Amino acid sequence: MATTTISLVDARQLVVDVFGKAGMPAPLAEHAARALVMAEQEGLPSHGLARAPFYAAQMVTGKVVADAAPTVTRDGAVIRVDAGFGLAFAAIDAAALAARDVVRELGVAVVSVTRSHHFGVAGQAVEPFAREGLIALAFANAPAAMAPWGGNKPLYGTNPIAFAAPRAQGDPLLIDLSLSHVARGKVMLAQKAGQPIPEGWALDVDGNPTTDADAAMAGTMVPSGGAKGAALALMVELLTAGLAGAHFAYQASSLFDDKGPAPNLAHFMLVLDPARFGPGFTDRAEAMFTAIEAQDSARLPGARRMADRAARAAQIEISQQLYDTLTGLARG
């Protein structure tokens, strides 16, 4: 497959231009552009620039409100953010800004985001807190893609979970995982490329294992850890859509087409100041990290992602086909 190399600055501007043609003001588009380009830096193309054409098409039809600016309200330690059926990224950034003030004041901040869209790379929402000495946990729901354990009809999303904690030096600990065996975006990329998927990723509509990406997109994703992953996915549904009054996964429309109403997804974040719980958290955590890294071949979660990002600090490589699609959309 032919590829092309593009600088990070040019890649972000390309996304801003694509979204601008679809009606999104540049200040809002910049939030999305940073998130999508960073996904490419981190070696996560399923959450990167490949999403931009879908987002733009949804803005044109009104499934995404292109000019929706998030609104933030506070009730003690609780922060409520209304994304206004826009993309999630500006709402996530607005939530983080508010949470920083609240956690410094109270030691804890709890965030609920409603009327939102695809959460993107979940680790991006929590990592900045850890770089400021805080602990953060984030959940998001997504359109239905997994069946409850023992069932055969999708009710839960792939529902990512992310956690970040500070380290004494260097990059923070970053845990970011989907509750399906793999993110559904990887199946979407395989479908677009006309390629099979590995066995164990998904089931067809009859509940049989499949390596056909089309059958997988029509069927269900395999939960990570079997029944345990399905149970965690239910927990995420309740902490996100249940608290926010947004759509549960089985009520949400697809993120991959421009049909139907807004998906109306939800997110949840918990931010803690470890200093409020007593001294020495970072030192105790570092003792655990050191014990992990002392074992042959063991590594901390997130280490590979940080290395990938550093390796792509100046430019990224994307398919020529995707680049041509984006430049065409940017020209209108």
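Take 894 as the starting number for the sequence shown in the working numbering and just add one per residue. Even glycine gets a Cβ: it sits at the ideal position worked out from N, Cα and C. This one's a predicted model, so the numbers in the text were calculated from it and none came from an experiment.
Closest in alpha carbon position to A1142, among D1064, A1058, N1052 and T1103, is N1052.
The C-alpha of M1181 lies about 24 Å from the C-alpha of F1032. Sequence-distant Cβ neighbours of G1138 in its own chain, meaning closer than 7 Å and more than five residues away, are T1007. For Q1062, there is no enclosing beta strand (DSSP E), as DSSP gives it neither H nor E. Given a length threshold of 3 residues, each whole run of the beta strand (DSSP E) inside the stretch 1002 to 1079 is given here in chain order: 1028 to 1033, 1054 to 1058 and 1066 to 1070. Linking G1119 to S1212 through their CA atoms gives a straight-line distance of about 34 Å.
Look at the stretch 939 to 1006 and you find these whole runs of alpha helix (DSSP H), each 4 residues long or longer: 945 to 954 and 981 to 999. Distance from the CA of P918 to the CA of D910, rounded to the nearest whole angstrom, comes to 10 Å.
Counting only unbroken stretches of 4 or more residues, the alpha helix (DSSP H) elements lying wholly within the stretch 1114 to 1181 are 1120 to 1130, in sequence order. Distances from the alpha-carbon of V1080 to those of F1149, D1069 and P1065 put F1149 closest. Here the stretch 1034 to 1044 makes no contact with the stretch 979 to 993; the two share fewer than three CB pairs at distances below 8 Å.
Within a 10 Å sphere around the beta-carbon of T1133 sit 16 or more other beta-carbons, which makes this residue buried. Proximity to G1093 across A943, D1105 and G1000 peaks at D1105, based on C-alpha coordinates. Taken through DSSP and simplified to helix, strand or coil, A1095 comes out as strand. If you draw a 10 Å sphere on the C-beta of L1048, you find 16 or more other C-beta atoms in it, and that means buried. DSSP, reduced to helix, strand and coil, places E1210 within a strand of the structure shown.
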